[in-house]
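Everything below concerns the one structure shown next.
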């Protein structure tokens, strides 16, 4: 059962003019969160905007005893709700419902995990990287952003022994271009007998491109889709994606219940990117 | 304190019903709320056959409200009976099955099928969905159409028959009267208001269906007025809805004439809203020395306004 916490904002750390990391005191959610799950957050007390918004759980924060006390959200200012959350100050309260949704399943060794993140799509990978490390699974993060100043938390992943492959669109750090460039090279050079599981979150077109690369190279690939959600609990049927069932027939399924993590082969991408 | 209300042959423990289209098939919420503690659960509208519904984007927010154009995605009545009804029965939910058809015969067929099922408490006739082209609202927008559907379903079921009316008409009270004359046991109102929102940068509609239904607190005063108008036009109980988000909103609808109410959009914002609403109703009853909540229905006092009119 998800918990609904009237969570105190512990801190709202602005990383740039668009990005912030919002820390919320929500021990019940933090204790149960699994990699790739999300929360529904109400950005204001008022009625405009009216609905909550879905956010990946970014980090699980713990006290000195290791007890989970809080979660953080990686927030990118794109609209009214994310704008309000960017501006919110420590001490304020926000309603936070979760954890929700189907999580990433961290793979066990000897398989390796390749995480592919674009922009704010980094969010689900902090907890996944921790889970992978706890299992002793070797992991790599392919992480792309517009520019060097928007590559965040690289130190966090380095400390978890995650191998980093960074790209920027303007070439200001790492490899110039899109994250799919070095990923494609790595997949081409990968020995067939070396098992690798891909995990992807980012802009829809990037996820589609990665899904194609994964399919071409015969690698399993899980994507975390970000859809507009009304409720997060399966009540409203607004967050649907066209996904194939076991028989290969596409149907609209609710990404809050069946996802947000899907096997990429299920997704009918052309409908999603339309 | 007695919060129970009577709707036709149904006795509900309280007047708070989860609105169709806003609560899935009920089972989605069984971990969040004790379904048997609700006045009822109106499940997502069902056709005979499964439907995929519209392409996303299906919702967009507007001030104090939201537009939706889901397009009645659903699993169809047969899968509902097999996959959802057993759990609803087990959890002792009072189930209002919302049914949709493109012809009168389809409503009749749905009513026949569901009348044989244990655990169905009432049939809510969806003759008011603004988001599909065929059927449904075509009946709900005309007096003969409303009469025909209600009358035909009435003849084949002993379950309470509750047509859900659209507000997208000139005179909703006349449709309420047509429904009552055709044998409705109660009426639900209102469904959503046909509306639209446009992205001015791309000049494209924000919904894939171009238009959608507006719900949420933005529509509440109009819905209250419509409940008030219908209360004066019919004797059957009214299930009032439209933007209810607080205990005060529930009370407002009841005073205007609703016997029970339905909660829709507010459940998206706060899935634990039911306890808040019940606590608020009890506090009001204590404050006003009401032993039975149902005594409140239709108690709107307009005398002061009339006096002012006469003296001026």
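Protein chains in written order, with this note's numbering: chain A, -17 to 256; chain H, 34 to 345. Backbone N, C-alpha and C fix where the C-beta goes; we use that ideal spot for every residue, glycine too. All figures in this text were calculated on a predicted structure; none of them were measured in a lab.
Any chain A beta carbon closer than 8 angstroms to residue i
i, result
"residue 162(H)", "no"
"residue 106(H)", "yes"
"residue 246(H)", "no"
"residue 306(H)", "no"
"residue 261(H)", "no"
"residue 317(H)", "no"
"residue 249(H)", "yes"
"residue 86(H)", "yes"
"residue 101(H)", "yes"
"residue 61(H)", "yes"
"residue 300(H)", "yes"
Segment limits, alpha helix (DSSP H) that includes residue i
i, result
"residue 178(H)", "176 to 189"
"residue 145(H)", "137 to 148"
"residue 213(H)", "205 to 214"
"residue 263(H)", "253 to 266"
"residue 110(H)", "109 to 112"
"residue 313(H)", "306 to 320"
"residue 434(H)", "Outside the shown range of chain H (34 to 345) lies residue 434(H), about which nothing can therefore be said."
"residue 300(H)", "298 to 302"
"residue 280(H)", "280 to 289"
"residue 119(H)", "118 to 123"
beta-carbon residue i near the ligand ZN non-hydrogen atom, thresh 7 angstroms
i, result
"residue 189(H)", "This structure does not include the ligand ZN; it has no bound ligands of any sort."
Selection from the options that minimises the alpha carbon distance to residue i
i, options, result
"residue 251(A)", "207(A), 163(A), 211(A)", "207(A)"
"residue 311(H)", "262(H), 162(H), 49(H)", "49(H)"
"residue 55(A)", "2(A), 151(A), 26(A), 71(A)", "2(A)"
"residue 71(H)", "232(H), 112(H), 59(H), 318(H)", "59(H)"
"residue 202(H)", "182(H), 259(H), 327(H)", "259(H)"
"residue 148(A)", "141(A), 192(A), 179(A), 99(A)", "99(A)"
"residue 200(H)", "213(H), 229(H), 246(H), 218(H)", "246(H)"
"residue 313(H)", "335(H), 283(H), 204(H)", "283(H)"
"residue 139(A)", "151(A), 120(A), 153(A), 5(A)", "120(A)"
"residue 102(A)", "117(A), 132(A), 16(A), 95(A)", "132(A)"
"residue 18(A)", "75(A), 85(A), 37(A), 31(A)", "85(A)"
Assigned exposure category for residue i - 16 Cβ within 10 Å defines buried
i, result
"residue 257(A)", "One cannot answer for residue 257(A) here, as it falls past the ends of chain A, which runs -17 to 256."
"residue 321(H)", "exposed"
"residue 109(A)", "buried"
"residue 188(H)", "exposed"
"residue 158(A)", "exposed"
"residue -5(A)", "exposed"
"residue 47(H)", "buried"
"residue 24(A)", "buried"
"residue 250(H)", "buried"
"residue -1(A)", "exposed"
"residue 83(A)", "buried"
"residue 132(H)", "buried"
"residue 179(A)", "buried"
"residue 151(H)", "exposed"
"residue 36(A)", "buried"
"residue 258(A)", "Because chain A here runs from -17 to 256, residue 258(A) falls outside it and cannot be looked at."
"residue 261(A)", "Since the first residue of chain A shown is -17 and the last is 256, residue 261(A) is not available in this structure."
Residue range of the unbroken beta strand (DSSP E) whose run includes residue i
i, result
"residue 128(H)", "128 to 132"
"residue 107(A)", "From DSSP, residue 107(A) is part of no beta strand (DSSP E) but of the alpha helix (DSSP H) over 107 to 117."
"residue -14(A)", "-15 to -4"
"residue 39(H)", "38 to 40"
"residue 20(A)", "20 to 23"
"residue 10(A)", "Counting along the chain, residue 10(A) falls outside any beta strand (DSSP E), though it belongs to the alpha helix (DSSP H) covering 9 to 14."
"residue 93(H)", "92 to 95"
8 angstroms Cβ cutoff, residue i in contact with chain H
i, result
"residue 29(A)", "yes"
"residue 217(A)", "yes"
"residue 32(A)", "yes"
"residue -17(A)", "yes"
"residue -12(A)", "no"
"residue 118(A)", "no"
"residue 78(A)", "no"
"residue 220(A)", "yes"
"residue 253(A)", "yes"
"residue 210(A)", "yes"
"residue 203(A)", "no"
"residue 213(A)", "yes"
"residue 171(A)", "no"
"residue 166(A)", "no"
"residue 234(A)", "yes"
Worksheet item: Going along the chain, which unbroken runs of the beta strand (DSSP E) with 3 or more residues stay wholly within the stretch 119 to 173 of chain A?
Response: The beta strand (DSSP E) runs of length 3 or more contained entirely in the stretch 119 to 173 of chain A are, from start to end of the chain, 121 to 127, 145 to 150.
Worksheet item: What residue ranges within the stretch 170 to 247 of chain A form continuous beta strand (DSSP E) runs of no fewer than 3 residues, ordered along the chain?
Response: If we require 3 residues or more, the beta strand (DSSP E) runs fully inside the stretch 170 to 247 of chain A come out as 178 to 183, 202 to 206, 222 to 226, 232 to 236, 243 to 245.
Worksheet entry | Inside the stretch 54 to 91 of chain A only - beta strand (DSSP E) runs reaching at least 3 residues | The qualifying runs are 75 to 82.
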